[in-house]
Every structure is written in C-alpha cells, then in structure tokens.
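What follows is a single structure, written as structure tokens, with notes after it.
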Amino acid sequence: MMSAAAFLSTALVFLYITQSCSFILCVSFTSPSSPIPMMQRRNRHTMYTQARVDYSAANEYIQAHYNISQYFHHNDCIETIYDGRRLQESCHNEREMLKENSPMPKTQIIWSERDSVQQCYLPELERTINKLFPEKIIHLSFWNPMMRGESLEISRQRDQLLHTPTANIASLVHIDTDVGAYDSIEEILAIIDNNRVQNDSLASSSSVIEDVTDDIVSGRKRFAILNFWRNTGETPVTQAPLSIYSSRYDGDVAFPDAAPNVEDSKWYMFPNATRDEVIVFYQYDRERDQPSDLWHCAIEVEEKESDSVHRRKSFDIRALIVFDDEVSDNNDRFSPERTRPVLSFEESCCFCDKQAAKRTGGEGK
Numbered sequence: 033m034m035s036a037a038a039f040l041s042t043a044l045v046f047l048y049i050t051q052s053c054s055f056i057l058c059v060s061f062t063s064p065s066s067p068i069p070m071m072q073r074r075n076r077h078t079m080y081t082q083a084r085v086d087y088s089a090a091n092e093y094i095q096a097h098y099n100i101s102q103y104f105h106h107n108d109c110i111e112t113i114y115d116g117r118r119l120q121e122s123c124h125n126e127r128e129m130l131k132e133n134s135p136m137p138k139t140q141i142i143w144s145e146r147d148s149v150q151q152c153y154l155p156e157l158e159r160t161i162n163k164l165f166p167e168k169i170i171h172l173s174f175w176n177p178m179m180r181g182e183s184l185e186i187s188r189q190r191d192q193l194l195h196t197p198t199a200n201i202a203s204l205v206h207i208d209t210d211v212g213a214y215d216s217i218e219e220i221l222a223i224i225d226n227n228r229v230q231n232d233s234l235a236s237s238s239s240v241i242e243d244v245t246d247d248i249v250s251g252r253k254r255f256a257i258l259n260f261w262r263n264t265g266e267t268p269v270t271q272a273p274l275s276i277y278s279s280r281y282d283g284d285v286a287f288p289d290a291a292p293n294v295e296d297s298k299w300y301m302f303p304n305a306t307r308d309e310v311i312v313f314y315q316y317d318r319e320r321d322q323p324s325d326l327w328h329c330a331i332e333v334e335e336k337e338s339d340s341v342h343r344r345k346s347f348d349i350r351a352l353i354v355f356d357d358e359v360s361d362n363n364d365r366f367s368p369e370r371t372r373p374v375l376s377f378e379e380s381c382c383f384c385d386k387q388a389a390k391r392t393g394g395e396g397k
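If you read the sequence shown in the numbering used here, its first letter stands for residue 33, the second for the next number, and so on.
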C-alpha cells in the first residue's frame, strides 16, 4: 500500500496556537506567490461537521497519572468540528513569514523507506521550521516516523531499521508526549535517540542527549515538539480525517494544571487534505504562555458511497526543536516544581501499554 512513491509537498497547513490568537498558514512551495497572511484578527469559526469524539482514554490517563477526575467533561460526545481552512482565510499579516518563497522542484518520496524520507522529506521540513520560527534554533531532531492506515497493523521492531514503522489510526483523543510527566529531560531524549531519523543540519552525529541536555538543564533553553502529519494517498482524505483540539485555558495555566475552557476551545479539521499538504501542530512548548498541548484524533465523518474504497493513508513524524532562548522562572513549564504524575516511569509505561491495546492497532492519529 505504501510502496507507491508520492511527490514532495507543495503546500503547508499550519495550526499554531497562542493565548491571544491562532496562527494558521498555507503556503505553496511550487508557486512564487506572496505569503499567505499569518495573524488572525477576526474570530471567524465556520462549522464543517459534527462528529463523535471519544475522550475516554484521555480521561483515564489523566485520572491515573494526576488524580484528576473527568478532565474532559464527557467520555464520549458529539462535538462541532470547525473548518480550519476557513479560519485560515480570516488571517491578517503582522510580520511577513515564509517570504521569498521560491519554487521548489518536486522530489519523489517513498514513504516506506526511511532513507527516502531522510533524504527527500526532512530537508523540506527543516526549511519550513526555519521559516516558521524566526528565533535562532540550536538543535533540530526528527523522530518517530510512522505510516498509518485503516488497514495497517503495528510493525515488528526488527523491520524498523530500514523501513518506516506502521500502525493503525487512533479514534481516541490523545497527545503524543506528556513531556512534564518525565522525571528528567534525559528520559525524553533517550526515547528520541532510539527513534531518531538523522537529519543533516542542526543535529550532530552524536546522541541527542549529548547534544542538548546541558542546554536544556543548565542553560534553561526553550524547547518544543511539533508533529507533521501528511496524507500519502492518491485521493484527498475523506475517511477518518485528523482533527485537532485547539485548547484554550483561563489564565496563565496549562495542562495538567487546568482543563481547557470548553467555550473557547474548539475542534478543527482541514477538509479533503491532499498529498500536497502537511498539517503541522504543536505537542509541547516549554514556555507556559504558549499553549501547545493539542489533543487530536481521527474522527468519523459521514461516509459517502464513493468514499468506501479510499481508505486513509498518512505519514507523520515529530520534531524536537531547541531554541537559543532562555525561559524565565515564571514561564517555565519544565521547572523542577512542575506538577508530576503519581505513577512512576515504569508504572506509566505499563499503563500506557494497556491503554494502547484499547486503540485500533496501537497509537496513531
């Protein structure tokens, strides 16, 4: 299914949340047109559909780790899903980003081969990150590449050295990495090291632990985790599309110290995402005033008869970014005083393994 080659992306759809506004960006990499406006000025929300959203796994995780009952108000309910593309259209520019956007040649990517992903896809993502973040970046690592599909199963470990791992999609709400739950930054970096895809710039051949531990611990450098999600099918996504929860909080708080404000938080999807687009969204930012825990899942939408043969195929990969910015004491989500889970690392792993069995084929989007 994934052996067919796809072309390098020609557009970017970017969901980027701040306390005061949402950033959503779409830019063509094959057209020299001017940048798409960036800063949202008008709060335009257009309902696209309604769908069942299953919060049960998220509530179970938070109850087990933080003793918080019903973090989300419901375990299972019908939610309004808003059109991310329409919100993007309401944006206005405050700073020019991604300017001098010259046409780029199309490059063939074989998603099932890690070397092809490394050589053809990661350079584009690096350029994208550098344009999205004007701040100086001192380290960038890509990790956890995954092909996902409604007919795929979790691949065996020995198959993952040369080939991209596979997994099914996940219809349960989740975040990829609860960064604050780890005892130390070394635990997180060890996981990244074990699942890393080597990129050519901003990352040395040494381990991630060797590269950035001192910067993060002693230098108090800001770090963030992004997720890049992309349709790899021949047709636009109509089955089990990715939906992302734009979490908004009351005051200077974040997960797990507060639950999202249900009135201000909204679910978004990008209808009919093509293989020429990549959806980019936050999973963590060390700066407290940058909301970044974007819960997400695959949702069920009304199925048309013509859609039945077009099952979803996608590829996602995560990026660790370390910035040359020091985080202040009162804005540090990774401080020693952060809220910690009641479960140990080993107990948490055991809990998550059991939870994964409830998902269709394991963790996914």
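Backbone N, C-alpha and C define an ideal beta-carbon position, used for all residues, glycine too. Nothing here was measured: the structure is a model prediction, and the numbers come from that model.
When beta bridges are read from the DSSP output, Y114 appears opposite M79, Y300.
In the DSSP assignment, A96 forms no beta bridge with any residue. Taking 7 Å as the cut-off, the Cβ atoms of A305 and V269 count as close.
Residue S367 holds the alpha-carbon nearest to the alpha-carbon of Y214 among D385, S367, K386, Q387.
In the three-state scheme derived from DSSP, where H, G and I count as helix and E and B as strand, D364 is classed as strand. A buried status is given to R365, since no fewer than 16 other beta-carbon atoms sit within 10 Å of its beta-carbon.
Counting only the Cα atoms, R320 lies some 11 Å from G283.
Closest by C-alpha distance to D361, out of A291, Y87, F174, R318, is R318. The beta-carbon distance between A351 and F174, rounded to whole angstroms, is 5 Å. This is short enough to meet the 8 Å contact definition.
DSSP places D215 in the coil class of the three-state scheme, outside both helix and strand. In this structure the segment 150-169 does not lie against the segment 100-115, because fewer than three pairs of beta carbons, one per stretch, are closer than 8 Å. For I311, no alpha helix (DSSP H) encloses it; the enclosing beta strand (DSSP E) starts and ends at 309-317. Between F347 and L326, the C-beta spacing is not below 7 Å. In the DSSP secondary-structure assignment, A388 is not bridged to any residue. Going by C-alpha positions, T267 is about 18 Å away from S144. Residue range 154-164 is occupied by the alpha helix (DSSP H) that includes K163. Contact between the segment 282-302 and the segment 236-250 is absent, with fewer than three C-beta pairs closer than 8 Å. Residue pairing for A291: DSSP places it in no beta bridge. With a cutoff of 7 Å on beta-carbon distance, A272 and R372 are scored as not near each other. 7 Å or more divides the Cβ of L119 from the Cβ of N231. According to the DSSP assignment, V354 belongs to the beta strand (DSSP E) that extends over 345-358. Taking a contact as a CB-CB distance under 8 Å, the pair H328 and I276 counts as one, their CB atoms being some 5 Å apart.
Here N107 has D86, Y87, S88, N91 as same chain residues with Cβ atoms under 8 Å from its own Cβ, once five neighbours each way along the sequence are excluded.
Contact between I170 and V354 holds: their C-beta atoms lie close to 5 Å from each other, under 8 Å.
H342 and N263 have their C-alpha atoms some 12 Å from each other.
In this structure, G212 sits near R370, with a CB-CB distance shorter than 7 Å. By the C-beta density criterion, E309 is buried, having at least 16 other C-beta atoms within 10 angstroms. When the five nearest sequence neighbours on each side are left out, the beta carbons in the same chain lying within less than 7 Å of the beta carbon of Q95 are those of S101, in order along the chain.
Put simply, the backbone Cα of T81 is about 47 Å away from that of S238.
Between I141 and A330, the C-beta spacing is not below 7 Å. DSSP places R146 in the helix class (H, G or I) of the three-state scheme.
Using a 10 angstroms sphere on the CB of S183, the tally of other CB atoms stays under 16, which defines it as exposed. Restricting attention to R84, D385, R180, the CA atom closest to the CA of G265 is found in R180.
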